[in-house]
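First comes the structure, then the notes that go with it.
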Amino acid sequence: MKIPIAKPLFDESEEQAILEPLRSGWVMQGPRVQEFENIVSNYTRAKYAKSTSSGTAALHLSLLACGINPGDEVIVSPFTCVATVNPIEYIGAKPVFVDINPETFNIDVSKIEESITENTKAIIPVHMFGLCADMNPILKLAKKYKLRVIEDAVLALGAFYKGRHAGSLGDAGCFSFHPRKMITTGEGGMVITNNEEIAHNIEIMRNYGASISALQRHQRKFYVLPEYNVLGYNYKMTDLQASIGVKQMEKLGFILKKRKQLAKIYDQELKDLEWLTIPKVPKGYAHAYNSYVCLFIPIKLARDRINLDQLQSMHRKRNEFMRKLEEKGIATVPGAQAVHTVGYYKSKYRLRESEFPASLMACKLSITLPLYPQMNHEEQYYVISCIKHFKKM
Ligand SMILES: Cc1ncc(COP(=O)(O)O)c(C=O)c1O
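Number 321 in this note's numbering belongs to position 327 of the sequence shown; there are no gaps in the numbering.
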């Protein structure tokens, strides 16, 4: 049996939807983008939704629209995709890493305040794997120190924190529509916000800095050229992508339900394996289960902080575990990078691997199990059985 790590959910509805822009000839940002944005803003209950070409672009534009400048410091956890941190660098601002809580993979809120300086201007909480960061203490600190909060909700469309949609709690929230995310448009992203000025700035900056969009120009006075008063980018989503996005949003309820059901089965079947820590969902949170990520270590040991030698030895064993699953046709991947250990950041900021021990441990010992809405009972129980019998493999 071949079990992939993830699989996008497409059917004839996406195939049909993409024909409309193809036939009309309007394939760039236009009416389908507007429709997709309206659907996402209604769904998340955010006043504004502005699409972009990727989650990275959404984060970049959000930082710019929030007024982050060169030299400003932005607090972020290192256990994430490098694409969370890169946009801080694009601006010439400085990422200031704060370690994670290994039980949730999200920023350790008890460590944020000690990292705030007079240069700190923003916090980017990352909702890892679809579980929200503990937003209330973050929002409280942001208020106290006048910081912007930009949620990296790239993995968390459909997740909730205390009754509120992931992405809708801070100044801006960013989503991605890459094929491994909750829904996909191939590539693509979206910023949601309740702040009119942020929304307006994003709209302008994604479109070369033009004061009006191409669609507006065609609908109104096509002979008037736009003004360009700010430096802009080309970070636009196309109508081809958005026509798929509209159909994907119709499936989101089903996708969330299936992911939750599959996660519950993994929980029940794997909870008694003493060498594996399954994902934890604190009270008041709804996990979107973009990924089901375990730690190849008992949680007690993970909390106690093993030393580097122990970590290396466990890391080798985790890799062996992943290799054996691969032999059985089961794809797995590590959860995420520890960004402070990747070449660019390590050398630029002279960071030591051991500086953020929980992130390092999560990087070296995490394992993402296959999970996709189409996964059937037989496939999932095959994965479970191979995991349970791994020691005999
Ligand atoms: C947590 C996180 N943030 C940001 C990104 C960047 O999103 P995109 O690939 O759409 O640029 C990713 C991509 O995987 C991610 O995992």
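Each residue gets a CB set at the ideal place from its N, CA and C atoms; glycine is no exception. Remember, it's a predicted structure, so these values are computed and weren't measured experimentally.
Task: Within the stretch 2 to 40, ranges of the alpha helix (DSSP H) (whole runs, at least 4 residues) - done: The DSSP assignment places complete alpha helix (DSSP H) segments of no fewer than 4 residues inside the stretch 2 to 40 at 6 to 18, 25 to 38, in order along the chain.
Task: Closest Cα partner of E263 within the set P328, H383, Q235 - done: As a working mapping, residue 263 is identified with position 269 in the sequence shown. Shortest Cα-Cα distance from E263 to any of P328, H383, Q235 involves H383.
Task: Start-end ranges of the alpha helix (DSSP H) lying completely within the stretch 174 to 232, minimum 4 residues - done: Qualifying alpha helix (DSSP H) stretches, in chain order: 190 to 199, 208 to 213.
Open item on the list: Is it buried or exposed, Q306, if we count other Cβ atoms within 10 angstroms and call 16 or more buried?
Closed with: In the sequence shown, the residue the question calls residue 306 occupies position 312. By the 10 Å Cβ count, Q306 comes out exposed.
TODO: Please classify N370: is it buried, with 16 or more other beta-carbons within 10 angstroms of its beta-carbon, or exposed?
DONE: The residue given as residue 370 occupies position 376 in the sequence shown. Exposed, since its Cβ has fewer than 16 Cβ neighbours within 10 Å.
Task: Contact belief for G152 with A282 at Cβ below 8 Å, rounded distance in angstroms - done: Start at 1 with the first residue of the sequence shown, and residue 152 comes out as number 158. Start at 1 with the first residue of the sequence shown, and residue 282 comes out as number 288. Rounded, the Cβ-Cβ distance is 5 Å, consistent with contact.
Open item on the list: Quick check: is any heavy atom of ligand 1 less than 8 Å from the C-beta of G49?
Closed with: Looking up residue 49 in the sequence shown gives position 55. Within the cutoff, so yes.
Task: Among K175, K358, N201, G239, the one whose alpha carbon lies nearest that of Y366 - done: If you number the sequence shown from 1, residue 366 lands on position 372. Residue K175 holds the alpha-carbon nearest to the alpha-carbon of Y366 among K175, K358, N201, G239.
- [ ] Report the option in D298, F154, P64, A87 whose CA atom is closest to the CA atom of A352.
- [x] Within the sequence shown, residue 352 is the residue found at index 358, counting from 1. Looking at the Cα atoms, D298 is the closest of the given residues.
Open item on the list: Can you tell me whether Y375 is helix, strand or coil according to DSSP?
Closed with: Looking up residue 375 in the sequence shown gives position 381. Reduced to three states, the DSSP call for Y375 is helix.
- [ ] Using the DSSP secondary-structure output, state which residues sit across from S360 in a beta bridge.
- [x] In the sequence shown, residue 360 corresponds to position 366, counting from 1. Answer by DSSP bridge pairing, in chain order: L289.
- [ ] Determine the extent of the beta strand (DSSP E) in which Y139 is found, giving its start and end residues.
- [x] As a working mapping, residue 139 is identified with position 145 in the sequence shown. Looking at the DSSP string, Y139 is not in any beta strand (DSSP E); the run it does join, the alpha helix (DSSP H), is 129 to 139.
Open item on the list: Considering only the alpha carbon of each residue, which of G323, G278, A51 lies closest to Y155?
Closed with: Reading the sequence shown from its first residue, position 161 is the one you call residue 155. Looking at the Cα atoms, G278 is the closest of the given residues.
Open item on the list: Following a CB-centred definition, is E108 positioned closer than 8 Å to any heavy atom of ligand 1?
Closed with: Here the question's residue 108 lines up with position 114 in the sequence shown. False, no ligand heavy atom lies under 8 Å from that Cβ.
Task: Touching by the beta-carbon criterion (3+ pairs, under 8 Å), the stretch 212 to 232 and the stretch 244 to 255 - done: Look at the beta carbons and you see the stretch 212 to 232 not touching the stretch 244 to 255: under three pairs across the two are nearer than 8 Å.
Open item on the list: Across the stretch 40 to 48 and the stretch 80 to 100, are there enough close Cβ pairs to call them in contact, namely three or more that are closer than 8 Å?
Closed with: No, they do not touch.
Open item on the list: Taking 8 Å as the cut-off, is the beta-carbon of E181 closer than that to any non-hydrogen atom of ligand 1?
Closed with: Mapped onto the sequence shown, residue 181 falls at position 187. Yes, since a heavy atom of ligand 1 falls inside the 8 Å radius drawn around the Cβ of E181.
Task: C-beta contact flag for K252 and S7 at 9 Å - done: Numbered from its first residue, the sequence shown carries residue 252 at position 258. Numbered from its first residue, the sequence shown carries residue 7 at position 13. Result no, Cβ atoms of K252 and S7 do not sit closer than 9 Å.
Task: Simplified DSSP state of K115, which is helix, strand or coil - done: Position 121 of the sequence shown, counting from 1, holds the residue named residue 115. Three-state DSSP puts K115 in a strand.
TODO: Return the first residue and the last residue of the alpha helix (DSSP H) that R310 is part of.
DONE: If you number the sequence shown from 1, residue 310 lands on position 316. R310 -> alpha helix (DSSP H) spans 302 to 321.
Open item on the list: Quick check: the stretch 209 to 217 against the stretch 322 to 337, are at least 3 beta-carbon pairs closer than 8 Å?
Closed with: As far as the Cβ criterion goes, the stretch 322 to 337 does not touch the stretch 209 to 217, which means the pair count is below three.
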